[in-house]
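Enquirer: Quick note on our numbering: the sequence shown kicks off at 5 and runs consecutively.
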Amino acid sequence: MNKFSSLGLSEELTEYLTELGITEPTPIQEKAIPIVFEGKDLIGQAQTGTGKTFAFLFPILERINLELPHTQALVVAPTRELALQITAEAKRIVSEDFGVLAVYGGQDVDQQARKLKSGAHLIIATPGRLLDHLRRGTIKLDKVDFLVLDEADQMLHIGFLHEVEDIINQTPVSRQTLLFSATMPDQIQSLAKRYMKKPEIIKVKAKRITLDEIEQLIIETTDRGKFNALLNQIKEAEPFLAIIFCRTKRRANKLNEQLKGKGLLSEELHGDLTQGKREKVMKMFREAKIQYLVATDVAARGIDVEGVTHVFNYDIPLDTESYVHRIGRTGRAGDTGIAITFATPKDFQDMRVIEKELNLSIKRIEMERGESSGRADRTENAGRTERSRNAGRAERTGNAGRTDRTGNAGRVERTGNAGRAERTGSASRADRSRNAGRAERTGNTGNSRSTGKSRNEGRSGRRSR
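Encoded structure:
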């Protein structure tokens with residue numbers, strides 16, 4: 005039996021979710037969905053990975069009236085990646101006659117305006133581009149019934165709070181407002197107090213398993229030795245796919261150039277890239293045409309790529325939530341992963357705070373002093389990191405991790421239990437051994453089937469079966 009039926013979802017949607025294999029609501033979905041159905045404002049304090057997207061999408065999509073052509077629901081997200089992710093999730097479960105549109109910077113604004121003329125029942129947007137359309141008059145929010153502010157603390161962090169307020173002020177006072185945020189800083193609490201009506205408050209912690217599946221390690225190094233320490237870890241671990249986090253766009257750009265200078269297949273991902281470039285980089289990473297993605301926190305929010313075996317925190321994160329989000333890019337969908345943080349003396353106290361808040365004691369390795377290469381000396385007391393077969397270690401024979409390029413195929417071949425990535429023509433397949441977690445990418449893998457017929461009656465925009 006699908007447990008979503010007890011939360012008030014229609015039989016039609018529940019049956020379709022069953023076909024998709026979605027039968028067990030997460031804690032935040034159990035708590036939030038009934039509240040949204042009741043029409044109450046809601047504050048959901050939850051981290052990434054708790055299922056919060058479906059917690060607001062399911063009840064909102066059920067309540068949108070397809071017979072009305074205007075925009076009835078608006079989701080505001082801090083980044084293009086998150087906006088696209090939410091859009092993809094919505095399109096999985098609605099019929100073809102349901103208008104869902106992502107609005108974000110980096111695309112031609114006139115092209116977006118033409119799409120908007122066709123009508124959109126649900127708009128998922130980033131603040132800056134949404135305001136552009138509001139000024140042009142190509143989007144009107146005067147009839148919006150549902151407003152969702154997703155990852156509100158991140159919008160505060162990147163300086164979008166004033167824009168968010170401008171957007172809220174163009175929606176009806178009668179709207180239902182849902183706010184989701186991992187943390188609740190004073191500015192977000194003030195925002196909620198001013199624009200929400202006696203909101204219900206729910207708090208849900210991320211499942212600890214997201215950390216239990218990830219082997220964590222701290223490399224104690226210096227600013228001067230950090231790059232060599234990273235190279236040593238890459239050489240030893242031989243990741244299949246890895247994300248390397250930097251604090252700033254400038255740091256990400258510099259590190260990416262350094263890695264390329266060492267012959268590594270890497271690209272950068274940050275806010276200064278055009279949308280076309282960002283999409284190209286992500287496509288290359290998903291297809292394993294590059295192994296290393298050097299990213300900033302904001303640019304990486306919402307990234308969900310199968311096969312990421314390692315996360316490297318080249319710069320330590322700003323806070324515990326950012327740490328959890330970063331390392332959560334690996335160890336997903338039942339796989340295991342490895343997260344390595346490079347900490348200089350000025351970072352030690354901040355890392356102790358993160359450990360305390362997560363109730364963890366992370367293994368540490370101190371760089372051997374005086375070794376110019378920055379190689380870490382793993383003594384017995386420091387705790388040797390052993391990656392078992394189940395931890396996803398790739399054992400490579402011969403010249404491990406060597407990149408052989410033949411013709412234009414750009415083949416990367418690893419022997420033994422290492423994940424082999426074979427690229428021929430435009431296709432890309434990542435084939436990892438059973439213990440490393442097999443991932444096959446073919447054509448439209450991962451897309452949900454579209455079996456829906458257009459529905460012209462009723463108030464539901466759900467996908468027909």
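In this text, a Cβ means the ideal position worked out from N, Cα and C, and glycines have one as well. A quick note: this is a predicted structure, and the numbers were derived from the prediction, not measured.
Figure out for me which residue from M200, Q115, I344 has the closest Cα to the Cα of N236.
Expert: It is I344.
Enquirer: Alpha helix (DSSP H) containing G132: first to last residue?
Expert: Element bounds for G132: 131-140.
Enquirer: Rounded C-beta distance between I39 and L126? I'm assuming under 8 Å.
Expert: Not really, about 19 Å apart at Cβ, beyond 8 Å.
Enquirer: Unbroken alpha helix (DSSP H) runs of length 4 or more, entirely within the stretch 321-356: which are they?
Expert: You should have 324-331.
Enquirer: To the nearest whole angstrom, what separates the beta carbons of I32 and G55, a pair I think is in contact under 8 Å?
Expert: Yes, they are in contact, since the Cβ atoms of I32 and G55 sit about 6 Å apart, within 8 Å.
Enquirer: Just the Cα atoms here: how many angstroms apart are E16 and I26?
Expert: Roughly 13 Å separates the two Cα atoms.
Enquirer: Look at the Cβ atom of M159, then the Cβ atom of L183, and state whether they are nearer than 8 Å.
Expert: Going by C-beta atoms, M159 is not nearer than 8 Å to L183.
Enquirer: Is the stretch 104-115 touching the stretch 172-186 in the sense that three or more CB pairs, one from each, lie closer than 8 Å?
Expert: In short, these stretches do not touch, since the Cβ pair count stays below three.
Enquirer: The alpha helix (DSSP H) with V168 in it runs from where to where?
Expert: Where V168 is concerned, the enclosing alpha helix (DSSP H) stretches over 165-172.
Enquirer: Which residue's Cα is closest to the Cα of D170: S178, D136, R251?
Expert: Residue D136 is the option with its Cα nearest to D170.
Enquirer: For K264, which option in A241, L297, A36, Q279 has the closest C-alpha, if you only look at C-alpha atoms?
Expert: It is L297 whose Cα lies nearest to the Cα of K264.
Enquirer: What are the uninterrupted segments assigned as alpha helix (DSSP H) that are 4 or more residues long and contained completely in the stretch 223-267, given in chain order?
Expert: List check, alpha helix (DSSP H) in window: 230-241, 253-265.
Enquirer: I think Q49 touches K258, with their Cβ atoms under 8 Å apart; what is that distance to the nearest whole Å?
Expert: Not a contact, Cβ separation roughly 36 Å.
Enquirer: Have a look at the DSSP bridge pairing and note the partners of A106.
Expert: DSSP, once it has assigned bridges, lists I128 as partnering A106.
Enquirer: In or out: N173 buried (at least 16 other Cβ within 10 Å) or exposed?
Expert: So N173 counts as exposed.
Enquirer: Quick check on the DSSP output: the alpha helix (DSSP H) that includes H161 runs from which residue to which?
Expert: Note, H161: alpha helix (DSSP H), 156-161.
Enquirer: Evaluate the contact criterion for the stretch 191-199 versus the stretch 214-225: three or more CB pairs, one atom per stretch, below 8 Å.
Expert: As far as the Cβ criterion goes, the stretch 191-199 does not touch the stretch 214-225, which means the pair count is below three.
Enquirer: Output yes or no for whether 8 Å exceeds the beta carbon distance between P189 and I47.
Expert: Taking 8 Å as the Cβ cut-off, P189 and I47 do not qualify as a contacting pair.
Enquirer: Measure from the alpha carbon of T181 to the alpha carbon of each residue in D154, M288, H161, I162, then state which is nearest.
Expert: The residue with the shortest Cα to Cα distance from T181 is D154.
Enquirer: Take F231 as the anchor and find which of L105, F316, V312 has the nearest alpha-carbon.
Expert: Nearest C-alpha to F231: F316.
Enquirer: Starting from K121, trace the beta strand (DSSP E) in both directions and tell me its first and last residue.
Expert: From DSSP, K121 is part of no beta strand (DSSP E) but of the alpha helix (DSSP H) over 113-121.
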